[in-house]
Structure formats: structure tokens, C-alpha cells
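There are 2 protein chains.
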Amino acid sequence: MVAGRKRLTARDWTSAAITALAEGGIAAVAVEPIAASLGTTKGSFYWHFPNREALLEAALAEWERTRTEDVITLVEGEPDLRRRLHKLLTVALGAGTERPAERIELALQANADHPLVAPALARVTSRRLDYLTQVFAGLGFPPDDARRRSLLAYTAYLGHAQLAHATPQAVPTGDELAAYVDAVIATLTAR
Amino acid sequence: MVAGRKRLTARDWTSAAITALAEGGIAAVAVEPIAASLGTTKGSFYWHFPNREALLEAALAEWERTRTEDVITLVEGEPDLRRRLHKLLTVALGAGTERPAERIELALQANADHPLVAPALARVTSRRLDYLTQVFAGLGFPPDDARRRSLLAYTAYLGHAQLAHATPQAVPTGDELAAYVDAVIATLTAR
DNA sequence: CCACCTCCGTACGCCACCGTATGGTTTTCC
DNA sequence: GGAAAACCATACGGTGGCGTACGGAGGTGG
């Protein structure tokens, strides 16, 4: 892939692992294929990492870190709660399945069983749900109602991503998508 | 597993494959492990099937068949549309991730990329969405609104299943679940 | 009863990947 | 400028799966 540098760092390996993760899921985070894509050999890898699991662990940690940063920067531009929700849903439901971030997301969901994936996923999920609950509470819904609405919103997001990936023709695009997002927000915020 | 019969049929292999699918996903539909679980060897398998792919194909076909039957029998006991929706959602959201049917469902979603899985999944999804749309239309919503609501309902179901599997603690149970189902229905059928 | 067809066990070669061993090549730093 | 440390290539053995070859068992009909 990159022919420039000769000597690699652990970070080079983790970011290559993240790329592989996006493209082929957990199974693609494999030492020898990634070595080939980096134009090197396992000899390099096993100097920087003890084993494959450590690489996966590093990749997941990196993903979790940048992922939360993304959400924060996305959110902190919109003070109005209702518009913030709209923006959130537009990005969440509109993001096809092509972007690497979405692909990784799906790859991790697909491997939620994995002992390293499960806790990372749990943390991210929990943070998102808490945040959503907070938004709905800010819109004036009582706590438990806010929680239910956020759960509905989040599961709808998850399912939407899944559906867009598995059965893209079942999911609206363009103007239809915009109308859908509006309808969903109307439904989610209906008293 | 079964020590009784000596000679096996193709059906024996298919149902063993479905069991493996439920327990370990697509990757577990592997000839040698299943042979071992059946107490036999590959010699048997390659008499009944040309290769691994054919086994997977047979398993998927069988799943798709029984799956549609299940839905039909579930539905045709409740004439009232609103109660039918309630029943549907209760079963769909309440079904933990323990039942084999749910596990297979998730395993297939996790492998939606797979060339054999994708079309099967697309057919099932499309049928379900059409059915849901029909229910909402029957409740008096105009066609495109009914479609949007059914999409929201179905994505919520998909995401819920995913969440219940990956992050069970994020999902309500017992009385909370019942309350959640009621709230979701109220939200989904709100004008 | 025996020949044939059905079914299965075993052994083999192949591939992809993991992890180790070992020696060589760069840097770095005194 | 040379020793020590950092880094990498290569070769090896191990595991687990796929698919083939082939020989034998066991039912079944003539």
C-alpha cells in the first residue's frame, strides 16, 4: 500500500488494522494479510505486538476514542435541542453504508459476541443512549419517557444501518429520506 | 450428538447445519465440525452434497421456508389489527436473544454481505415490510405514511434484536418491557 | 447367495493463518 | 566509528478447514 517509509510503528499497524476492519470485519484483522498490505512481513508485526489479539485490542481502543470525539464535535455546533436532534438523525439515518465509520460500526455489531468487542460496544452504546435520553429530557419529556424514546430512536438507528447495508432497496434516499427523517422526528417527539 | 441411526440423509445434514448456524453463525457451518457433531465424517457429507456452499444454501432455504410459516401461523390468530400489532411487537421485542430463531436471524444479519445470505435476507425483509405496511394501512394511515411507520417499526425491531444481543443491559425486561412495548405502539400509531 | 448400489471411513494434498526462532539490517548514541 | 538497540525478512512447525481418492461395509434385488 504505502511504499514510502521503511520502518513502521505500532500506530501504523493499528491504523492498517482499522482499515482492514472497515473493509472486511473482524476476520480481516489478520496479521499476514495486513503485513502484505503494508508491504512488510510478520517479522515486523511480532516486534510491535505480542499477538493478533493485541492488535485487535489496539484497533478497538483507537476506534472507541475517535468515535466519541466525532460525536462530540458533531453535536457541539447546535445549541437548539430540536435542531440538534434533527441533525443527529439526518446524519445517522442518512449515512449510507459506504463510509468507513459506518462499516466499522456494522462490523463490530456483527461480532458483538467477541470478548474484546462486546465491552467496547457496550460503552459506546451506553454513552449514546445516555446522551439521547438527556436530549429528550431537555425537550421536556419525563425521565422514563425520555429513556423509552431514546431507546426507540437508537434501536431505529441501529436497525436502519443494518437495513441500509443488507437491503439497501428497502431504505429511502434523497427527498424520500428527508421526508422520512421529518416523519420519524415528528413521531418520536409526539406527546 | 445423535448416536442412534447409522446412515444419514441430506436432511440430517441440513438440520445440523441450521443448529450450527444458530450457535456459531455462518462460519460454524463447516463440514468437519458438523460431521464430528453428527458422529460421522466428511466421507458422508461429500456423498450427500457437492461442497460446503451447497450445505449453506440448503440451510438458508430451509430457514426461509420455516420462517415465513412461523410468521403466518403467529398472525392468523388475531383478527383485530391493533391487537395483532401488539402481539407482533410483544413477540418481536420480547424475544430475548436466546431462542435459536433469533440467533439465526442475527447470524444472518451479521453476514448480510455473503452472496447466499443477501438474497434470502432481502426476500424475508421485503415480505415483512410489506406485511407491516399493510397493517398500518389497515389502521387507516395513508399509503406513504404507512410505509414510513412500518419502516420505523421494522428498523426498531432489528436494532432492538441487535441491542438485546450486544448490550442486553440496555434493553428493558419484564414490566418495563411491557411498558416499553405499549409506549412504542402508542408512538407508532400516533396521528 | 451374490452382485450391485448406497453410504461412509481414512488418508491425502492444499491453503490460509498463527506464532517462534534466528539471523540480518538499519539506526542511534556514546 | 563502532557497539548496542531497534527493527525486519525468512524459514519453520502447528492448527483447522476444504475437497478428492479410494476402498470397504451394508443393505437390496435378482
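Line order of the protein sequences matches chains A and B.
Residue numbers for the first sequence follow our numbering, beginning at 1 and rising by one.
Residue numbers for the second sequence follow our numbering, beginning at 1001 and rising by one.
Don't be surprised by glycine CBs; every beta carbon is placed ideally from N, CA and C.
Throw me the rounded Cβ distance for the I34 of chain A and A17 of chain A pair, which I believe falls under 8 angstroms. 6 angstroms
Would DSSP call T1173 of chain B helix, strand or coil? coil
Let me confirm a value: V91 of chain A is counted as buried when at least 16 other C-beta atoms fall within 10 Å, else exposed. Which label applies? Looking at its Cβ environment, which holds fewer than 16 other Cβ atoms inside 10 Å, V91 of chain A is exposed.
So, is the C-beta of A170 of chain A closer than 8 angstroms to a C-beta in chain B? yes
Tell me the rounded alpha-carbon separation between A1059 of chain B and T1014 of chain B. Computed Cα separation, rounded: 5 angstroms.
In terms of residues, what are the limits of the alpha helix (DSSP H) holding R147 of chain A? Element bounds for R147 of chain A: P143 to A166.
Using a beta-carbon distance cut-off of less than 8 angstroms, what residues from the stretch 95 to 111 of chain A approach chain B? Under the 8 angstroms Cβ criterion, the stretch 95 to 111 of chain A contributes Q109, A110 and N111.
Inter-residue Cα distance where the pair is F136 of chain A and H86 of chain A: The alpha-carbon of F136 of chain A is positioned some 12 angstroms away from that of H86 of chain A.
Beta-carbon separation of H1114 of chain B and I1185 of chain B under 8 angstroms? no
Assign L1116 of chain B to one of three DSSP states: helix, strand, or coil. coil
P1079 of chain B, enclosing alpha helix (DSSP H) - first and last residue: No alpha helix (DSSP H) contains P1079 of chain B, which DSSP labels as neither H nor E.
Does DSSP put A10 of chain A in a helix, in a strand, or in coil? helix
Can you list the residues of chain B that H160 of chain A reaches, using a CB-CB cut of under 7 angstroms? T1155
Any chance the stretch 121 to 129 of chain A sits against the stretch 1162 to 1173 of chain B, with 3 or more Cβ pairs inside 8 angstroms? yes
Burial state of T66 of chain A (16 or more Cβ within 10 Å): exposed
Listed in chain order, which residues of the stretch 121 to 133 of chain A have Cβ atoms closer than 8 angstroms to some Cβ of chain B? L121, A122, T125, S126 and L129
At a CB-CB cut-off below 7 angstroms, which residues of chain A make contact with H1165 of chain B? A112
Take the Cβ of Q162 of chain A as the centre, count every other Cβ of all protein chains shown within 10 Å, and call the residue buried at 16 or more, exposed below. buried
Is I104 of chain A buried or exposed, if buried means 16 or more other CB atoms sit within 10 Å of its CB? Around the CB of I104 of chain A, 16 or more other CB atoms lie within 10 Å, so the residue is classed as buried.
To the nearest angstrom, how far is the alpha carbon of L177 of chain A from that of L1008 of chain B? 51 angstroms
Below 8 angstroms on the Cβ atoms is my guess for A1028 of chain B versus L1021 of chain B; work out the distance and round it to an integer in Å. 7 angstroms
If we count the other Cβ atoms within 10 Å of its Cβ and call it buried at 16 or more, is Q109 of chain A buried or exposed? buried
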